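Comments concern the structure below.
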Amino acid sequence: MNTYTGGCQCGAIRFRARGTPSDSSICHCRMCQKAFGAYYAPLVSVRGMEFEWTRGQRKKFRSSNFVERGFCGDCGTPLTYEAPDGMAVAAGAFDDPSQLPPTIQWGVEGKIGFVDHLHELPGERTEADLTAGSFLHELVSYQHPDHDTPVWPPEDRA
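1 is the number of the first residue of the sequence shown in full-length UniProt numbering; add one for each residue after it.
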């Protein structure tokens, strides 16, 4: 049985899903765009999987009469789309989102035209931006690592 773990950016909330995801998708509807603050929302359905929250409790926002959106109340990371037919988890919240490639797009009526051309843009590695922001040389990430930890934040940073 496949096991997938993940959580929010600050580590206050962690989860585990066991089984086979029913689908991984991208939603382009305006509601998902606003919920994620992005051009689209990548979501993984956990319907039919064993799913558990292993650390913390998400906060929820009722975005419609049928849907609640879960998020971390500490760092704001979008976590869930919860509807009467099941829950989907933000793909980027998984520790290894590359294991869950999208298989379908929803809400294509809301798709922003340039999204289909993003792959045509020039690309640079993060290090290429070091000249633009000298602070990047001294950057220390406080983001939770992409694996479960017994406690977070570490005691030396708490």
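By construction, the Cβ of each residue, glycine as well, lies at the ideal position given by its N, Cα and C atoms.
Keep in mind it's a predicted model, so treat the numbers as computed, not measured.
Check: Alpha carbon of S134 to alpha carbon of E127, nearest angstrom; Outcome: 11 angstroms
Check: Beta-carbon proximity of F94 to G37, cut-off 7 angstroms; Outcome: no
Check: For K59, the three-state DSSP class (helix, strand or coil); Outcome: strand
Check: Q105 - DSSP class collapsed to helix/strand/coil; Outcome: strand
Check: Bridge partner(s) assigned by DSSP for I26; Outcome: P42 and Q105
Check: Residue environment, P21, which counts as buried when at least 16 other CB atoms sit within 10 Å; Outcome: buried
Check: Residue span of the beta strand (DSSP E) that contains T80, given as start and end; Outcome: P78 to A83
Check: Exposure of S25, with buried meaning 16 or more beta-carbon neighbours within 10 Å; Outcome: buried
Check: Secondary structure of M1, DSSP reduced to three states; Outcome: coil
Check: Where E155 falls: helix, strand or coil (DSSP); Outcome: coil
Check: Supposed close pair V67, A41 - CB separation, criterion 8 angstroms; Outcome: Rounded, the Cβ-Cβ distance is 12 angstroms, inconsistent with contact.
Check: At least three beta-carbon pairs within less than 8 angstroms, the segment 65-80 to the segment 110-121; Outcome: no
Check: Top-ranked residue by Cα proximity to T149, from L43, C8 and K60; Outcome: C8
Check: Exposure of Y4, with buried meaning 16 or more beta-carbon neighbours within 10 Å; Outcome: buried
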